[in-house]
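K.L.:
In our numbering, the protein residues as written are 16 to 420. Just so it is clear, CB atoms sit at the ideal spot from N, CA and C, and this is done for glycine as well. Questions regarding the structure given below will be posed in turn.
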């Protein structure tokens, strides 16, 4: 007789797996929650609506992490799309909140479609890693610049955070961002730069936000959001899972994250995906000596995500109370490894280097044509440069046919 799921879970659970799950969530929140706050702000949300975004994302990550891990008995930790949030910060200018919500719903529909058909997943795998990385680097590059400019605005706070980060990267790289967040917070408090009257403990009230669907938002928001979520989040997540010796239930992951995004998008969930960095914390022997029982760490992470989602109003209030230099420095430092890795991948292939550079520059400049933002046009121009020989052949063939007739 098979042991019931709930009883098996409690038998497999250990203190180390609970600890690993909590640490994974704290690392994830401390390294990228600031981006969610900035994305919500770029959409023109009220504090209540911004809290709803974090509530929806936290609840969504909790549901999918627990559901997938229990279903497959694998350490399947999900996350919000960090590069997706960065895309939104850059691209949301000029779009209403209703248009943004409509774009989130379409993103959830595309991820769901990828899970049920497998076709979108195949198309994403055919996407040039160099150009996708160049687009991601272009989207994230301004965050690095903002972190550097914070040294002028707040040299003591930003400088101390930068020093702590680079020293921590030598000894405890996994927790460098978490340490920077804590040291920066203590220093901001010591310098009296935290508005203590702007923060208080409170439960979050979800806010239903009605969507509006426009083709401009679909191209400027949905398409880049879907591409970076699939190429820069789900694929590394799958690779992390495989490297740890586990099989990847890819279609199931896409179905779970897509449907959950679709259901919570009206409350602000823009994209959920398989995690990589935070998931890796739950896949080591520190989480559980037995690889078959490490799924309990992912379930613990899901429970923690859900709790923080319910307290999202307090999290948003905390970020609103913090100085801008703290937020910009923390975001920039947290994204430095991703920016560096994206640039390495984008420029390492000599045959695609020129096209990648075009993609990067167009994206950084946020070239906007026909109401469509730079992330989309970066890929378009990059592919035109990369495949220009085929374009020339096509033009020559059309010209030859015209002369013949």
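(1) Could you please give me the residues that DSSP links to residue 161 through a beta bridge?
(2) So, is residue 307 buried or exposed, given that buried needs 16 or more other C-beta atoms within 10 angstroms?
(3) Can you tell me the Cβ-Cβ gap for residue 270 and residue 130, rounded? I've got them flagged as a contact below 8 Å.
(4) Only counting runs of 4 or more residues, tell me where the alpha helix (DSSP H) segments fall wholly within the segment 356-384, in order along the chain.
(5) Judging by CA-CA distance, which residue of 272, 404 and 231 is the nearest neighbour of residue 125?
(6) Among residues of its own chain, excluding the 5 on either side of residue 166, which ones have a beta-carbon nearer than 7 Å to its beta-carbon?
(7) Is it true that the CB of residue 243 sits closer than 8 Å to the CB of residue 144?
(8) With burial defined as no fewer than 16 other Cβ atoms inside 10 Å of the residue's Cβ, what is the status of residue 114: buried or exposed?
(9) Starting from residue 271, trace the alpha helix (DSSP H) in both directions and tell me its first and last residue.
(10) Below 7 Å CB to CB, which residues in the same chain sit around residue 341 once its five sequence neighbours on both sides are set aside?
(11) When you compare the CB of residue 363 with every CB in chain D, is at least one pair closer than 8 Å?
(12) First and last residue of the alpha helix (DSSP H) that includes residue 70?
(13) In whole angstroms, give me the CA-to-CA distance for residue 280 and residue 123.
(14) Alpha carbons only, please: which of 62, 330, 102 and 357 is nearest the one belonging to residue 236?
(15) Whole angstroms is fine: what's the gap from residue 375's alpha carbon to residue 57's?
(16) When the Cα atoms are used, what is the spatial distance from residue 225 to residue 403?
(17) Using C-beta distances below 8 Å, list every residue in its chain close to residue 257, excluding the 5 sequence neighbours before and after it, in chain order.
(18) Taking residue 93 as the reference, give the member of 355, 392, 367 and 317 with the closest Cα.
(19) Residues in its own chain within less than 7 Å of residue 360 by CB, not counting five upstream and five downstream?
(20) Given 8 Å as the limit, is there contact between the segment 283-299 and the segment 31-43, that is, 3 or more CB pairs closer than that?
(21) Could you spell out the range, first to last residue, of the beta strand (DSSP E) harbouring residue 218?
(22) Just the C-alpha distance for residue 85 and residue 240, rounded to the nearest angstrom, thanks.
(23) Using a Cβ-Cβ cutoff of less than 7 Å, which residues in the same chain neighbour residue 383 once the five nearest sequence positions on both sides are dropped?
(24) Where does the unbroken alpha helix (DSSP H) through residue 186 begin, and where does it stop?
(25) Whether or not the segment 151-163 and the segment 352-367 are in contact is what I'm after, with contact meaning three or more pairs of Cβ atoms, one per stretch, closer than 8 Å; do they touch?
(26) Cβ of residue 52 within 8 Å of Cβ of residue 350?
(27) What is the rounded straight-line gap between the Cα of residue 305 and the Cα of residue 75?
(28) Around the Cβ of residue 201, are there at least 16 other Cβ atoms within 10 angstroms (buried) or fewer (exposed)?
(29) Measuring alpha carbon to alpha carbon, tell me which of 260, 289 and 274 ends up nearest residue 252.
(30) Please list, in chain order, all residues of the same chain as residue 83 whose beta carbon is under 6 Å from its beta carbon, the five residues on each side excluded.
P.N.:
In short, the structure shows the following:
(1) Beta-bridge analysis with DSSP links residue 161 to no other residue.
(2) It counts as exposed.
(3) Rounded, the Cβ-Cβ distance is 4 Å, consistent with contact.
(4) For the segment 356-384, the continuous alpha helix (DSSP H) assignments of 4+ residues that do not extend past its boundaries occur at 368-379, in sequence order.
(5) Nearest option by C-alpha distance: 272.
(6) Result list for residue 166: 173 and 174, in chain order.
(7) Result no, Cβ atoms of residue 144 and residue 243 do not sit closer than 8 Å.
(8) By the C-beta density criterion, residue 114 is buried, having at least 16 other C-beta atoms within 10 angstroms.
(9) From DSSP, the alpha helix (DSSP H) with residue 271 extends over 265-279.
(10) Cβ neighbours of residue 341 beyond the five flanking positions: 172, 199 and 203.
(11) This model lacks chain D altogether, as it is built from one protein chain only.
(12) Segment 62-87, the alpha helix (DSSP H) holding residue 70.
(13) Using only the alpha carbons, I get a separation of about 8 Å.
(14) In this structure, 102 is the residue among 62, 330, 102 and 357 with its C-alpha nearest to the C-alpha of residue 236.
(15) Approximately 22 Å between the Cα atoms of the pair.
(16) Between residue 225 and residue 403, the C-alpha separation is close to 42 Å.
(17) Excluding residues within five positions, the ones whose Cβ falls inside 8 Å are 263.
(18) Comparing Cα positions, the closest option is 317.
(19) Excluding sequence neighbours, residue 360 sits near 144, 145 and 148.
(20) Here the segment 283-299 lies against the segment 31-43, with 3 or more beta-carbon pairs under 8 Å apart.
(21) Careful: residue 218 lies outside any beta strand (DSSP E) and carries neither H nor E.
(22) In a straight line, the C-alpha of residue 85 is about 28 Å away from that of residue 240.
(23) Counting only Cβ-Cβ distances below 7 Å, and skipping sequence neighbours, we find 389.
(24) Its alpha helix (DSSP H) spans residues 170-186.
(25) Yes, the segment 352-367 is in contact with the segment 151-163.
(26) No, they are not a contact pair.
(27) Their Cα atoms are separated by approximately 28 Å.
(28) The residue in question, residue 201, is exposed, as its Cβ has fewer than 16 Cβ neighbours within 10 Å.
(29) Of 260, 289 and 274, the residue nearest in Cα terms is 289.
(30) Same-chain partners within the cutoff: 91 and 271.
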